[in-house]
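In our numbering, the protein residues as written are 83 to 212. Accompanying notes for the structure given below.
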């Protein structure tokens, strides 16, 4: 039973476990008292709590700043959108519907050529494999 030395805190506060096989019958085992171990744990937990509180406040501040930046960007983009709509309506006279039709007409030939390309590739692959 004397082969094991109880955990002790090193300089950095971390626990160190070691076996004492050479001095089994020596009796020089340094076991800290329960109250000492509990006090060290309390100090360590308190340090962690303080660190968490300070990090949490910094995180909340950074999050608030980020939300403000995103809000400003959203307002700016919305304003730009409104300005562009105003320019289009002033110069085009409300021709938004015809532009949608022309876009659809432009997409239709592209989709036809894409279908032709796909069918050509399928035919070429079929010829290669046969």
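No residue lacks a Cβ here, since even glycine has one placed at the ideal position from N, Cα and C.
The DSSP-derived three-state label of residue 157 is helix. Look at residue 119 here: in three-state DSSP terms it is helix. Taken through DSSP and simplified to helix, strand or coil, residue 200 comes out as helix. If the five residues before and after residue 119 are omitted, its C-beta is found closer than 7 angstroms to no C-beta atom of its own chain.
Between the C-alpha atoms of residue 115 and residue 123 there is a straight-line separation of about 13 angstroms. Going by C-alpha positions, residue 133 is about 47 angstroms away from residue 164. Straight-line measurement puts the Cα of residue 129 at about 29 angstroms from the Cα of residue 148.
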